[in-house]
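Engineer:
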Amino acid sequence: MKKVLLASIALSLLVFSCSKKSGGDVQINPPVYKAPVVATGFAKGADISWVTQMESSGVKFYDKSGAQKDLFVLLKSLGFNSIRLRAWVNPSDGWCNTADVVAKAKRAQSAGMKIMIDFHYSDSWADPGKQPKPAAWAGLDFATLATTLHDYTVTTMNTLKTNGITPDWVQVGNEVDDGMLWEDGRASAHMANFAALVEAGYQAVKSVSSTTKVIIHVSNGFNNDLFRYLFDGLKNNGAHWDIIGMSLYPSTTNYTTLDAQCQSNINDMVTRYGTPVMLCEVGMQANQPTASRDFLTDIITKVNGIPGNNGLGVFYWEPEAYNWQGYGLGAFDNTGKPTIALDAFGN
0 MKKVLLASIA LSLLVFSCSK KSGGDVQINP PVYKAPVVAT GFAKGADISW VTQMESSGVK
60 FYDKSGAQKD LFVLLKSLGF NSIRLRAWVN PSDGWCNTAD VVAKAKRAQS AGMKIMIDFH
120 YSDSWADPGK QPKPAAWAGL DFATLATTLH DYTVTTMNTL KTNGITPDWV QVGNEVDDGM
180 LWEDGRASAH MANFAALVEA GYQAVKSVSS TTKVIIHVSN GFNNDLFRYL FDGLKNNGAH
240 WDIIGMSLYP STTNYTTLDA QCQSNINDMV TRYGTPVMLC EVGMQANQPT ASRDFLTDII
300 TKVNGIPGNN GLGVFYWEPE AYNWQGYGLG AFDNTGKPTI ALDAFGN
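Residues in the sequence shown are numbered consecutively from 0, following numbering that gives the first Met the number 0.
Okay, here's the thing in structure tokens:
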């Protein structure tokens, strides 16, 4: 019996030794992901302007363990500290009007979040391909148009203030690559008019809250020529701003290139105009969460690393969107849970 036992032990050692050499019995755990370490005050944000509309349609949100959560509370637990909300003048369905913006801002404040208000100065979407006037402003002459923009901005800011909300940031226009309130404010045709509209919005914000920072937001943060053209035009025509805002929506295959170009552009903006920069919108395919996390890790690290703390933050655009209006760049899965992409915003 003793010989049999010794032989069995010897055979086991031989098998273990061989399997160890071949790697068959060695398990290597993948490295534990660590989110980027950022400066105190760095904005880790999300635009979740769809949230009330989604909730009204029965959409629910869950944490990674499957427990249903309020979206604002959930994002806070994931490391987010800031919320961005778009404001439309008189949308036909009511979503993103002033009352809806106030309701969401109050929830963001209750969750301990900073707040950015994104004025589109439109009844619906305004972006590089379209900047339509609100229907009620369509027939105004330019002087009255600028005054109306100013007064609407003041009224909205005061409504927020009455409800205990002082935004940390306000965008005067959304992705204004070629100005806003077309045709009067189209930058390529009427740069002076565009600058006057920006200045009207800037002064309106400051008249209600001198501490709120005003952002001018342009798409394609990698496009240095576009940014130099637009901000040179604004500066030369007397417009003011506090922060330059950018969008960045790369693919899984080109994000390293575009991130580097964006970083270079940010450095140029800081040097050329003496103002800090914030990425107001980023996103990547929801069905590529690992690549998206890699992208977010890279761009957050690059923005946070801008010298002089002049990279102020990164906002994900509508991460909560899943199976919603065909939008494919959210960061939740089809069960309503956040994907690992959002780990990049963790603490």
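Even for Gly, the Cβ is constructed at its ideal location relative to N, Cα and C.
Quick check on this structure: which residue in F226, I305, V171 has the alpha carbon closest to the alpha carbon of H239?
Structural biologist: V171
Engineer: How far does the alpha helix (DSSP H) with A142 in it extend, from its first residue to its last?
Structural biologist: 141-161
Engineer: Give me the residue from W124, G138, L84, Y120 with the minimum Cα distance to M112.
Structural biologist: The residue among W124, G138, L84, Y120 with its C-alpha nearest the C-alpha of M112 is L84.
Engineer: Less than 9 angstroms between the beta carbons of C261 and D117, yes or no?
Structural biologist: no
Engineer: Which ranges would you report for the beta strand (DSSP E) in the segment 240-317 if only whole runs of at least 3 residues count?
Structural biologist: 242-247, 276-281, 310-316, all fully within the segment 240-317.
Engineer: Return yes when the Cβ of V313 is within less than 9 angstroms of the Cβ of L295, no when it is not.
Structural biologist: yes
Engineer: How far does the beta strand (DSSP E) with Q170 in it extend, from its first residue to its last?
Structural biologist: Element bounds for Q170: 168-171.
Engineer: If you reduce the DSSP assignment to three classes, tell me which class G178 lands in.
Structural biologist: strand
Engineer: What's the gap between the Cα of T338 and the Cα of G184?
Structural biologist: 40 angstroms
Engineer: Does the Cβ of P275 have 16 or more other Cβ atoms within 10 Å, making it buried, or fewer, making it exposed?
Structural biologist: Counting Cβ neighbours within 10 Å, P275 comes out buried, since at least 16 surround it.
Engineer: Between P35 and G44, what straight-line distance do the alpha-carbon atoms span, to the nearest angstrom?
Structural biologist: 14 angstroms
Engineer: In the DSSP assignment, find the unbroken alpha helix (DSSP H) run with S81 in it and report its ends.
Structural biologist: Taken as a continuous stretch (DSSP letters only), S81 belongs to no alpha helix (DSSP H), being part of the beta strand (DSSP E) at 81-86.
Engineer: With a 10 Å radius around its C-beta and 16 neighbouring C-beta atoms as the bar for buried, classify P249 as buried or exposed.
Structural biologist: buried
Engineer: Just mark N219 as buried or exposed, buried being the case when its beta carbon has 16 or more other beta carbons within 10 Å.
Structural biologist: Residue burial is scored here from C-beta neighbours: N219 has at least 16 other C-beta atoms within 10 angstroms and is therefore classed as buried.
Engineer: Please classify V224 as buried or exposed, where buried requires at least 16 neighbouring CB atoms within 10 angstroms.
Structural biologist: The sequence given here has Asp at residue 224, not Val. D224 comes out exposed.
Engineer: Among all the DSSP beta bridges, which residues are the ones paired with Q67?
Structural biologist: Y61
Engineer: Which residue from A290, I242, T97, W181 puts its Cα closest to that of G128?
Structural biologist: W181
Engineer: Nearest-angstrom Cα distance between Q130 and M179?
Structural biologist: 5 angstroms
Engineer: Could you spell out where the alpha helix (DSSP H) holding V37 opens and where it closes?
Structural biologist: From DSSP, V37 is part of no alpha helix (DSSP H); its letter is neither H nor E.
Engineer: Excluding five sequence neighbours on each side, which residues of the same chain lie with their C-beta closer than 8 angstroms to the C-beta of K75?
Structural biologist: A110, G111, M112
Engineer: Which term fits N28, buried or exposed, when burial requires 16 or more other beta carbons within 10 angstroms of its beta carbon?
Structural biologist: exposed
Engineer: What's the call for E319, buried or exposed, on a 16-neighbour Cβ count within 10 Å?
Structural biologist: Counting Cβ neighbours within 10 Å, E319 comes out buried, since at least 16 surround it.
Engineer: For Q108, I'd like the list of residues in its chain whose CB is within less than 8 angstroms of its CB, leaving aside the five on either flank, ordered along the chain.
Structural biologist: Excluding its 5 nearest sequence neighbours in each direction, Q108 has C-beta neighbours in its own chain below 8 angstroms: I114, G163, I164, listed in chain order.
Engineer: At what residues does the alpha helix (DSSP H) containing V101 begin and finish?
Structural biologist: Note, V101: alpha helix (DSSP H), 97-109.
Engineer: Leaving out five residues before and five after T158 in sequence, what residues of the same chain have Cβ atoms less than 7 angstroms from its Cβ?
Structural biologist: T97, V101
Engineer: Taking 9 angstroms as the threshold (C-beta atoms), are V217 and S246 in contact?
Structural biologist: yes
Engineer: Just tell me which of A191, D332, Q202, D176 has its CA closest to the CA of M156.
Structural biologist: Q202
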